[in-house]
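S.K.:
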Ligand SMILES: [Ca+2]
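Following this line, the structure appears as C-alpha cells:
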C-alpha cells in the first residue's frame, strides 16, 4: 500500500478528481480504472494526474460546524483526587453496592471500597505486555450480584501468537476466578487492540476491537478486528445481530476506545484516526452507532456524505487527540483524551435520528497538546452523580505527576456556592 506525506497527497488533487464537501479526493479512481486499460493509456493518465499514488482513502470534512473552545478551568467544577498510586489504569466500573473495580494494564483488577483501594487485587489476569495491550476493559453483569460475573478484555498469548479476548470471571467474596472465554480470536498486536467493553441497555455485551495496524481487516466481515461486536452475556450471538451467526455489529472502525449510551439508548463510540497510514494523521472520531453500519476505515476518513458509510459525529482533523473512554454526564458527552490531555465536552442536538455536536470544549487544557492532569484514559459517570477520570501517565508515554496514576472525581458545584 502506497504511503506518502499528507502534503504530497494534497498536491495530487486535481480538477479531474471528484471532490466532495469541497476538499475531497478520491484516489481509488486508480483501482477502479487502471486494471481495465492498456498500460500506455494508464501511464498517460498517470502523468496527466501529475501526482504520486498516495492515499487510497476518500478524505471528507469535519462534520461538526462548531469551533473548539479551550476551557482550562471549567466553571462550577470541583476536582478531587479520589484514588492514587495505580499503575496504568484502563477501565473503571461500579458495582450496584457502590464499590468500584479498576483494571491495571499489567493484569490486576483492583477493588475500591468507600474510596479506599484494597491492597490485594481482586484478581490477576495474565496479560501480554507491551505497547497498547494488556488488561483493558471491564464490565459488570447487568444482574450482578445475582449473576456474580464480571468481564475483562485482555491481550494474551495463545498457541504462540498474540490475540485479544474477553473473559468472564466469577466473583466470590474478595476474589474473582476465571470462568470462561466469552469471545476469543480477536486480532492482537503491539498496537490497536481496541479493548473497551460494556453492557448495553439491551442486556448484551458490546466489545470494541482494533485492526492491529492492518487496516483492511476493518472492512473484512470475516475478521473480528476493527469492529464493534455484540454478544450475549454468555458469549452467544444475539439473533438480531446484522450478520446471522456473527458477533459483528458494525465495521470499518480503526481502533475503538470508548463506549457510552445516551439515556435515549443510542450508542456513542470513540475511535482513533490514522497515525501516518495512507499519508494521513489525526482524524480521530466520535461516532453514533447504527446497527450494521460501515464506519469507513480505511476507505474513508472524516465525513464524506456517502450512503454506504456512516459519517462521524465529530472528527478531530487538525491534531492528534486521540480519544479514549467516553461517558454521558450532565447532558453532554465527555471524552477522555490521551495525547491532547483534555477532557472534551461535546454538547449534542438531536433531530429525529440525526445527532449534531452543538459544542466541543476542551476542559483542563489551554492548547491541543497539554492538559492539567496529563493523559486521560477513561471517563465514567458514577452512581453518586460525579464524573470519574483515570489518568494514564505511568505506561511510558506520559509524565507522572505526584500520586499518579490517579482516579479524579469531578463534582458540579451549584452556582453561587463557594468552591
Ligand atoms: Ca470513520
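In my numbering, the protein residues as written are 2 to 420.
Cβ coordinates follow ideal geometry from the N, Cα and C atoms, glycine included.
#1: Decide if the segment 298–307 is in contact with the segment 232–247; the criterion is three or more beta carbon pairs, one per stretch, under 8 Å apart.
#2: Using the Cα positions of residue 359 and residue 141, report the straight-line distance between them to the nearest angstrom.
#3: With hydrogens ignored, establish whether the beta-carbon of residue 192 is closer than 8 Å to any heavy atom of ligand 1.
#4: Rounded to whole angstroms, what is the Cα-Cα separation between residue 391 and residue 89?
#5: To the nearest angstrom, how far is it from the Cα of residue 299 to the Cα of residue 316?
#6: Considering only C-alpha positions, which residue in the set 262, 189, 354 and 214 is nearest to residue 203?
#7: Which two residues bound the contiguous beta strand (DSSP E) that contains residue 335?
#8: Below 8 Å on the Cβ atoms is my contact criterion, and I expect residue 82 with residue 404 to pass it. Report the Cβ-Cβ distance as a whole number of Å.
#9: Is it the case that the CB of residue 301 approaches a heavy atom of ligand 1 more closely than 8 Å?
#10: Taking the straight line between their C-alpha atoms, what separation do you get for residue 158 and residue 217?
#11: Can you say whether residue 370 is buried or exposed, counting buried as having 16 or more other CB atoms within 10 angstroms of its CB?
#12: Is residue 346 buried or exposed, if buried means 16 or more other CB atoms sit within 10 Å of its CB?
#13: When DSSP labels each residue in this structure, what does residue 366 get in the three-state scheme?
#14: Give me the Cβ distance between residue 219 and residue 253, rounded to the nearest whole Å; I'm assuming they're in contact under 8 Å.
#15: I need the DSSP call for residue 255, collapsed to helix, strand or coil.
#16: Whose C-alpha, out of 227, 95, 361 and 195, is nearest the C-alpha of residue 134?
#17: Would you kindly work out how many angstroms separate the C-alpha atoms of residue 264 and residue 113, rounded to a whole number?
#18: Compute the distance between the beta-carbons of residue 93 and residue 379, then report whether it is under 9 Å.
#19: For my contact list, residue 407 and residue 85 are in at a C-beta cut-off of 8 Å; report their separation, rounded to the angstrom.
#20: What's the gap between the Cα of residue 165 and the Cα of residue 272?
#21: Suppose only complete runs of 3+ residues qualify. What are the beta strand (DSSP E) ranges in the segment 191–258, listed by chain order?
#22: Which residues mark the beginning and the end of the beta strand (DSSP E) in which residue 379 is found?
#23: Starting from residue 159, trace the beta strand (DSSP E) both ways and give me its first and last residue.
#24: Under 8 Å: does the beta carbon of residue 250 sit that close to some heavy atom of ligand 1?
#25: If the criterion is Cβ atoms closer than 9 Å, does the pair residue 176 and residue 123 meet it?
#26: Tell me whether residue 286 is buried or exposed, calling it buried when 16 or more other Cβ atoms sit within 10 Å of its Cβ.
M.R.: Straight from the coordinates:
#1: Fewer than three Cβ pairs drawn from the segment 298–307 and the segment 232–247 lie within less than 8 Å of each other, which leaves the two stretches out of contact.
#2: The straight-line gap from Cα to Cα measures roughly 32 Å.
#3: Incorrect: residue 192 has no Cβ contact closer than 8 Å to ligand 1.
#4: Cα to Cα, residue 391 sits roughly 9 Å from residue 89.
#5: Rounded to the nearest whole angstrom, the C-alpha separation of residue 299 and residue 316 is 15 Å.
#6: For residue 203, the nearest C-alpha among the options comes from 262.
#7: 333–338 is the span of the beta strand (DSSP E), which, as asked, contains residue 335.
#8: Residue 82 to residue 404, Cβ: 6 Å. Contact.
#9: Within the cutoff, so yes.
#10: Using only the alpha carbons, I get a separation of about 23 Å.
#11: Exposed is the call here.
#12: Classification for residue 346: buried.
#13: Residue 366 falls in the strand class under three-state DSSP.
#14: So it is a contact: roughly 5 Å between Cβ atoms.
#15: Residue state, collapsed to three classes: coil.
#16: For residue 134, the nearest C-alpha among the options comes from 195.
#17: Going by the C-alpha atoms only, they are around 26 Å apart.
#18: Yes, these two residues count as a Cβ contact at 9 Å.
#19: Taking a contact as a CB-CB distance under 8 Å, the pair residue 407 and residue 85 counts as one, their CB atoms being some 5 Å apart.
#20: Spanning the two alpha carbons is a distance of roughly 17 Å.
#21: If only uninterrupted beta strand (DSSP E) runs of at least 3 residues are considered, those enclosed by the segment 191–258 are 198–200, 206–209, 228–232 and 249–252.
#22: Unbroken beta strand (DSSP E) run through residue 379: 377–382.
#23: First-last of the beta strand (DSSP E) with residue 159: 150–159.
#24: The answer is no for residue 250.
#25: In this structure, residue 176 places its C-beta atom within 9 Å of the C-beta atom of residue 123.
#26: Residue 286 comes out buried.
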